[in-house]
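Novice:
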Amino acid sequence: MADALLEIDGVTKRFGGFLALDRVSLQVRAGERLGLIGPNGSGKTTLINCVSGALPTDGGRILFEGRDITRLPAHQRTRLGIVRSFQIPKPFVSMTVLENLGIPLEYAAPPRSHGAAAGALDILKMIGLDAKAHLRPAGLTQIEMRKLELARAMAARPKLLVSDEAMAGLSSAEVDDILAILFRLNEQGITIIMIEHIMRAVMRFSERVVVLDAGNRIAEGTPAEIVRNPAVEKAYLGE
Amino acid sequence: MFTWDLLANAVVAGILLGGFYAAVSLGVSLTFGLLDVVNIAHPAFVILGAYAAYVMNSSFGLDPILTGVLFTPLFYALGAGVYRIYYSSFERRGEESLRGLVFFFGLLFIIEVALSLKYGVDYRLVEAAYIGKSIDLGGVGIAFRLLVPCVVGLLMTLALSLFLSRTFYGRAVMGVSQDQVALRLMGANPVRIKTIAFGIGIAAASLSGALLITISPVVPSTDRDYIGRVFAITVLGGLGSVGGTLVASIILGVAESLMATLFGPSWSLAVSFGILLLALAVRPAGLFGR
Amino acid sequence: MKTRGALVVGVAVIGLGVLLGGLRVNPYVYFAGYVVLQYVVIATAWNVLGGYAGYVNFGTPAFFALGAYTSIFLIEAFKAPLPVLIVCGGLVAALLGLGIGYLTLRLKGVFFSIATFALSVVLQTLIINWEYVGGAKGYTLIRPPAPFFRSWGVLLFTLMVVLAVVTVLVARTIERSWIGRGLAALRDNEEAAECMGVPTLRLKLFATTLSGFFLGVAGAPFPYYVTYVEPSSAFDLNYAVNALAMPMIGGTTTWLGPVIGAVLLGTAQQVATVTISSELNLLIVGVVLVLFVVLAPEGITGLVRRLRRR
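Residue numbers (this note's numbering), protein chains in the order written: chain Z, 22 to 260; chain W, 97 to 386; chain X, 1401 to 1710.
1. Could you check whether the segment 1636-1648 of chain X touches the segment 1677-1694 of chain X, counting it as contact only if at least three pairs of C-beta atoms, one from each stretch, sit closer than 8 Å?
2. Could one say the Cβ of Asn1589 of chain X lies closer than 8 Å to chain W's Cβ atoms, at least one of them?
3. Using CA atoms only, rank isn't needed, just tell me which of X:Val1562, X:Ala1443 and X:Lys1604 is closest to Val1418 of chain X.
4. Cutting at 8 Å between CB atoms, please list the residues of its own chain near Arg173 of chain Z, excluding the five before and the five after it.
5. Consider the Cβ of Arg105 of chain Z: report whether some Cβ of chain X lies at a distance smaller than 8 Å.
6. Can you tell me whether Thr78 of chain Z is buried or exposed? The criterion is at least 16 other CB atoms within 10 Å of its CB, across all chains shown.
7. Please report the straight-line C-alpha distance between Val1566 of chain X and Gly1410 of chain X, rounded to a whole angstrom.
8. Is the Cβ-Cβ distance between Leu1474 of chain X and Val1487 of chain X less than 8 Å?
9. Looking only at its chain, what residues have a beta carbon closer than 7 Å to the beta carbon of Val1435 of chain X, apart from the 5 residues adjacent to it on each side?
10. When the Cα of Gly1535 of chain X is compared with those of X:Pro1544, X:Leu1495, X:Leu1523 and X:Phe1613, which residue comes out closest?
11. What does Val114 of chain Z reach in chain X if we use C-beta pairs closer than 9 Å?
12. Roughly how many angstroms lie between the CA atoms of Gly149 of chain Z and Gly210 of chain Z, to the nearest whole one?
13. Between the Cα of Phe369 of chain W and the Cα atoms of W:Leu335, W:Ala328 and W:Ala344, which residue gives the shortest distance?
14. Taking the alpha-carbon positions, what's the Asn153 of chain W to Leu374 of chain W distance?
15. For chain Z, find out if any of its Cβ atoms is closer than 8 Å to the Cβ of Pro1658 of chain X; answer yes or no.
16. Do Ala366 of chain W and Thr1609 of chain X come within 8 Å of each other at the CB atom, strictly closer than that value?
17. Please state the DSSP three-state secondary structure of Gln48 of chain Z.
18. Counting only the same chain and skipping the five closest in sequence on each side, list residues whose C-beta sits under 6 Å from that of Arg100 of chain Z.
19. Return yes when the Cβ of Tyr117 of chain W is within less than 8 Å of the Cβ of Gly340 of chain W, no when it is not.
20. What residues of chain W sit near Gly1454 of chain X, judged by a beta carbon separation below 9 Å?
21. Taking only three categories from DSSP, how would you classify Asp234 of chain Z?
22. Residues in the segment 1595-1620 of chain X with C-beta within 8 Å of chain Z's C-beta atoms, listed in sequence order?
23. At 4 residues or longer, and completely inside the segment 204-263 of chain W: list those alpha helix (DSSP H) runs for me, N to C.
24. On the CB-based measure, 16 or more other CB atoms within 10 Å of its CB, does Ile247 of chain Z come out buried or exposed?
25. So, for Gly31 of chain Z: in the same chain, excluding its five sequence neighbours on each side, which residues have a beta-carbon less than 6 Å away from its beta-carbon?
26. Can you give, in chain order, each stretch of the alpha helix (DSSP H) that sits fully within the segment 38-114 of chain Z and has at least 4 residues?
27. Glu1679 of chain X and Val209 of chain W: beta carbons closer than 8 Å?
28. Is DSSP giving Ile219 of chain Z helix, strand or coil here?
29. Using a Cβ cut-off of 9 Å, pull out every chain X residue sitting near Val248 of chain W, in sequence order please.
30. Just checking: is the beta-carbon of Trp1578 of chain X within a distance shorter than 8 Å of some beta-carbon in chain Z?
31. Got a sec? Which residues, its chain only, sit under 7 Å from Ala275 of chain Z by beta carbon, not counting five neighbours each side?
32. Based on the DSSP secondary-structure assignment, which residues constitute the bridge partners of Thr1558 of chain X?
33. To the nearest angstrom, report how far apart Gly1597 of chain X and Phe204 of chain Z are at their CA atoms.
34. Answer with buried or exposed for Gln274 of chain W, where buried requires no fewer than 16 other C-beta atoms within 10 angstroms of its C-beta.
35. Between X:Val1704, X:Leu1437 and X:Ile1676, which lies nearest to Leu1556 of chain X when the distance is taken from Cα to Cα?
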């Protein structure tokens, strides 16, 4: 793929004797909305940990914008534009919501003409969290915590956003709320990889879906194709 | 002068010492290894046990080990109380690790200073019929002051492993470390289970303190030497594995004893703390990690 | 308070120190003042790592003693002057700090703390067995007549005023810079900080090295202060307890916390030593530490902040 933004090439990861990822290859185009699904323990989170730099790989290469980033520490990948949000929100608890955004703005985002605080407020407005800018994370609700997680990721000015189960445990209306935000980010040109268990959300959001099972890529296609794929059904239902 | 006799004596003394180290470390193995409560003050409770044995011995001529056994209910209550404070101040608020550690560090300091206020910084010892006696097995001397604590330490290890594997509460303690949800389904309250386990850990300190003062005289600051030892043993033994604790204790006992024989006693402390540093840096899961 | 304002205050404090040195008060005041100021340095240095970055160091005595024993070595080997001792004591302790910084790669939370404690004991054993710097017997320093000042008491007191001001100013500058914000982020959540572009390893190495440096600086003049150094006094557990008790009592998130804690607790200890007994004053430290950590985990500055918000 000539215009691949992210290229995962034969990535392998072991934990002791357990093979978590077995030569997984995957390409993501710039501007794409990609869904990554699979049963629990299939290696989704391990894969994005390898992409974000939280885990070292045991084999294979990862390229971003044509550059080999396999050995790059996580914070440098963030600066290149690979930003992830966490499944369980991990806010900076001693800081206000606004200050939370200040960290990536200061450390990860390329320098901008306007001030950092203004940038942070813009993001909070876009996500609908501006009213809570001066609260500490302890005062936020579950959905607001998820939004903070996304807002903070946005503040790092990502080219590629990896959203790790941003919707687990939310109500149906809240899921729509988060989906709308992700669609808007994608319209702004941000490539998004969505890892999700809520099928309704992944299928609606993704242009393309990749299925992992037991550390292997078992299927790939449009949401409609994936739904009809017998291998996927087998992986999920176990026969 | 180095001789094989000397070496054999050092190894035997080390093994005996190891049995005693197991007794001192069991409490930490239980609280740190299984409950994730980093009771760095455990050695201070051990010294408290040693002074209890000293007081009962010097005032009433009571056997130190008997005192250790008699005081276990008191220490159990003390431990349960400390855990309650710890739980309500740190664990429940979800900020246990570092502030909790500081809490125990302060506790250690308080116990140590309180003991030196009351009893001064002179070495205290106990008297019992078997202290000073020894048997000779073909050139290898076995001192009773080491043998008795070793045997008691082994019995304590056996008792704890039976408790953990055979009783309802013991299995519940194992459960606390793995799956709190499953534990609730069993109808056991995790906080209560942890209180019991912590109480048992401190009760073990009472008895191991009595063993300590049987082996050698004690000052309030002796607890510091044991911080390295017990945590080296617990980490090396694989955090919460009773069998691993025993093996690690014997390894440490022999290593220290050899070091003291070959290079002089002032180096033996460096062994335990050095092993601790290595164990921490190289393999946090320990030799027998779960 | 802007940086220039802080500098002015710092210079004013030094001026006050010099002025106090000129007054002919009871010499004990200088000795007690030295100890309190030494604790300002220790508590502030500890807090750079423990408070800002959230890595609790139990090994303060290792760094302090390393400063003191570097001095002894340099005096013994080269008859080096005091300013050289301070810089070298700081640098050697900074190297040890860099070392424990790399430990943070593998050891988090309580494991890190236990490792630093172990480090302190291992280092003490090495010193006990190193005859050149006095070994277990200790080292006696024969002080020449004090240069520039009328007594060593006044000289050391004035020196410690300067060191305390410098340490606090450096800590304050770091706290308010991008480094301080990065450290706060990694204290709150190291993984999230790294993912938000914070170079966590580099910041941790910076914090451990700088913290080690100032702890060593605090220990470097120690041989001149006591004139007789033995391993048990240089590696005293009191340093470990006070180093964390003082910031905990004052509040760990700002530079002011350790200063308040050190002045309050340090002064209380000095008074208690004179009026009651030195053992009892240690008991007070322990009890106050435990009470604060249980009842007021944000320390005095945190309490004040909460009262103001009401």
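A virtual CB, placed ideally from N, CA and C, is assigned to each residue, including glycine.
These figures come from a predicted structure and were not determined experimentally.
Specialist: Taking the geometry as given:
1. By the Cβ criterion, the segment 1636-1648 of chain X is in contact with the segment 1677-1694 of chain X, since at least three pairs of Cβ atoms, one from each stretch, lie closer than 8 Å.
2. Here residue 1589 of chain X corresponds to residue number 189 of the third sequence, with the count starting at 1. No, no contact with chain W.
3. Within the third sequence, the letter at position 18 stands for residue 1418 of chain X. If we check each option's Cα against that of Val1418 of chain X, X:Val1562 comes out closest.
4. For the purposes of this step, residue 173 of chain Z is taken as residue 152 along the first sequence, with counting starting at 1. Closer than 8 Å at the Cβ level, and outside the excluded window around Arg173 of chain Z, lie Ser106, Pro112, Asn121, Leu122, Ile124 and Pro125.
5. Here residue 105 of chain Z refers to the residue found at position 84 when the first sequence is read from its first residue. For Arg105 of chain Z, the nearest CB of chain X lies under 8 Å from its own CB, placing it at the interface with that chain.
6. As a first step, residue 78 of chain Z must be located in the first sequence, where it is residue number 57. Burial call: buried.
7. Along the third sequence, read from residue 1 onward, the residue named residue 1566 of chain X stands at position 166. Along the third sequence, read from residue 1 onward, the residue named residue 1410 of chain X stands at position 10. When only Cα atoms are considered, Val1566 of chain X and Gly1410 of chain X end up about 8 Å apart.
8. Start at 1 with the first residue of the third sequence, and residue 1474 of chain X comes out as number 74. Start at 1 with the first residue of the third sequence, and residue 1487 of chain X comes out as number 87. It is not a contact, given that the beta carbons lie outside the stated cut-off.
9. Taking the first residue of the third sequence as 1, we reach residue 1435 of chain X at position 35. If we look at Val1435 of chain X and ignore the five residues flanking it on each side, its Cβ neighbours are Gly1666 and Gln1670.
10. For the purposes of this step, residue 1535 of chain X is taken as residue 135 along the third sequence, with counting starting at 1. Of the candidates X:Pro1544, X:Leu1495, X:Leu1523 and X:Phe1613, the one whose C-alpha sits nearest the C-alpha of Gly1535 of chain X is X:Leu1523.
11. Here the question's residue 114 of chain Z lines up with position 93 in the first sequence. In chain order: Asp1588 and Asn1589.
12. Here residue 149 of chain Z refers to the residue found at position 128 when the first sequence is read from its first residue. Here residue 210 of chain Z refers to the residue found at position 189 when the first sequence is read from its first residue. Between Gly149 of chain Z and Gly210 of chain Z, the C-alpha separation is close to 20 Å.
13. Your numbering for residue 369 of chain W matches position 273 in the second sequence. Cα-wise, what sits closest to Phe369 of chain W is W:Ala328.
14. Counting from 1 along the second sequence, the entry for residue 153 of chain W is found at position 57. Counting from 1 along the second sequence, the entry for residue 374 of chain W is found at position 278. For Asn153 of chain W and Leu374 of chain W, the distance between alpha carbons rounds to 39 Å.
15. Counting from 1 along the third sequence, the entry for residue 1658 of chain X is found at position 258. By this cut-off, Pro1658 of chain X is not an interface position.
16. Position 209 of the third sequence, counted from the start, is the residue given in the question as residue 1609 of chain X. Position 270 of the second sequence, counted from the start, is the residue given in the question as residue 366 of chain W. No. Outside cutoff.
17. Position 27 of the first sequence holds residue 48 of chain Z. In the structure shown, Gln48 of chain Z sits in a strand (DSSP, three-state: E or B).
18. Within the first sequence, the letter at position 79 stands for residue 100 of chain Z. These residues qualify, in order along the chain: Ala129.
19. If you number the second sequence from 1, residue 340 of chain W lands on position 244. If you number the second sequence from 1, residue 117 of chain W lands on position 21. Taking 8 Å as the Cβ cut-off, Gly340 of chain W and Tyr117 of chain W do not qualify as a contacting pair.
20. What you label residue 1454 of chain X is simply residue 54 of the third sequence in a count that begins at 1. Simply Leu194.
21. For the purposes of this step, residue 234 of chain Z is taken as the residue at position 213 of the first sequence. DSSP places Asp234 of chain Z in strand when its eight states are reduced to three.
22. Cys1595, Met1596, Gly1597, Val1598, Pro1599, Thr1600 and Leu1601
23. 240-262
24. Mapped onto the first sequence, residue 247 of chain Z falls at position 226. Ile247 of chain Z should be labelled buried.
25. Walking along the first sequence from the start, residue 31 of chain Z turns up at place 10. By the criterion of a C-beta distance shorter than 6 Å, Gly31 of chain Z is surrounded in its chain by Arg44, Ser46 and Gly81, once the five residues flanking it on both sides are discounted.
26. 65-73 and 95-101
27. Counting from one through the third sequence, the residue named residue 1679 of chain X turns up at place 279. Counting from one through the second sequence, the residue named residue 209 of chain W turns up at place 113. The answer is yes: Cβ separation under 8 Å.
28. For the purposes of this step, residue 219 of chain Z is taken as the residue at position 198 of the first sequence. In this structure, Ile219 of chain Z counts as coil in the three-state DSSP scheme.
29. By 1-based counting over the second sequence, the position of residue 248 of chain W is 152. Result: empty, since nearest Cβ-Cβ is about 27 Å, beyond 9 Å.
30. Translated into positions along the third sequence, residue 1578 of chain X becomes position 178. For Trp1578 of chain X, the answer is yes, since a Cβ of chain Z falls inside 8 Å of its Cβ.
31. The structure shown does not extend to residue 275 of chain Z, since chain Z is modelled only from 22 to 260, so the question has no answer here.
32. If you number the third sequence from 1, residue 1558 of chain X lands on position 158. The partner list for Thr1558 of chain X (beta bridge, DSSP) is empty, contrary to what the question assumes.
33. As a first step, residue 1597 of chain X is located in the third sequence; it is residue number 197 there, counting from the start. As a first step, residue 204 of chain Z is located in the first sequence; it is residue number 183 there, counting from the start. Going by the C-alpha atoms only, they are around 24 Å apart.
34. By one-based count along the second sequence, residue 274 of chain W stands at place 178. It counts as exposed.
35. Here residue 1556 of chain X corresponds to residue number 156 of the third sequence, with the count starting at 1. Nearest C-alpha to Leu1556 of chain X: X:Leu1437.
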